[in-house]
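Asks:
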Amino acid sequence: MKKALSLVAAAVLSLSVLTGCGGSSYKDGNYKVAYDKEDSKGWTAFVEVEVKDGKIANTVFDYKNAEGQFKSKDEAYNEKMKSVSGIGPDEFTVKYAEQLTKNQNLEKVDVVTGATSSKDDFEALAKEALKLAKDGKTTEATVAAPEKAK
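Counting with mature numbering (1 follows the signal peptide of the UniProt record, and there is no 0), you get residues -19 to -1, 1 to 131 for the letters of the sequence shown.
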């Protein structure tokens, strides 16, 4: 009987340790990270990650200008970019965000054809947002914009 109880206790302890290690290390909350300056066209990239029950529940990726307008909603910009690369911010920002939410892993976010440099922005900002989510720091943060920004 003692041996059986010891085995059960060991099994329960092992399961709780494995569950703790295997579970998400994100803390619930909303995490937003933006570049510290705008790019050469006047847009500042940002990512917002919402965590619920320790998992990424929603992700937003976009660019905002000084007037508070979003690049994904700028019809002229979208049309011009689509004519050159076949895709616009109204599509690729959503695709990057949806991949992170679905896969729960930044390394599993694939490049969207025609929006390669925007993936660099998304990865840099999402990486920082996920660091904040691990620490539970819900204050908005900024990171240094890459050299391609003005």
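From the three backbone atoms N, C-alpha and C, an ideal C-beta is built for every residue, glycine too.
In this text the structure is predicted, and so the values were computed from the model without any measurement.
Quick one, are the C-beta atoms of Lys100 and Tyr77 less than 8 Å apart?
Replies: In contact: Lys100 and Tyr77 (Cβ atoms closer than 8 Å).
Asks: Apart from the five residues on each side of it in sequence, which residues of its chain come closer than 6 Å, Cβ to Cβ, to Gly3?
Replies: Unreliable positioning characterises Gly3 in this predicted model, as indicated by a pLDDT of 40, which lies under 50. The coordinate reading is nonetheless provided below. None.
Asks: According to DSSP, simplified to helix, strand and coil, what is Thr40?
Replies: In this structure, Thr40 counts as strand in the three-state DSSP scheme.
Asks: Starting from Lys61, trace the beta strand (DSSP E) in both directions and tell me its first and last residue.
Replies: Looking at the DSSP string, Lys61 is not in any beta strand (DSSP E); the run it does join, the alpha helix (DSSP H), is 56 to 66.
Asks: For Val65, count neighbouring Cβ atoms within 10 angstroms of its own Cβ and tell me buried if that reaches 16, exposed if not.
Replies: Counting Cβ neighbours within 10 Å, Val65 comes out exposed, since fewer than 16 surround it.
Asks: Look up Thr25 in the DSSP assignment and give the residues it is bridged to.
Replies: Lys45
Asks: Between which residues of its own chain and Asn46 is the CB-CB distance below 6 Å, once the five residues before and five after are set aside?
Replies: Gly23, Trp24
Asks: Tell me the DSSP secondary structure of Ala122 in three-state form.
Replies: Ala122: strand per DSSP, three-state reduction.
Asks: Where does Asp34 land, buried or exposed, given buried means 16+ other C-beta within 10 angstroms?
Replies: exposed
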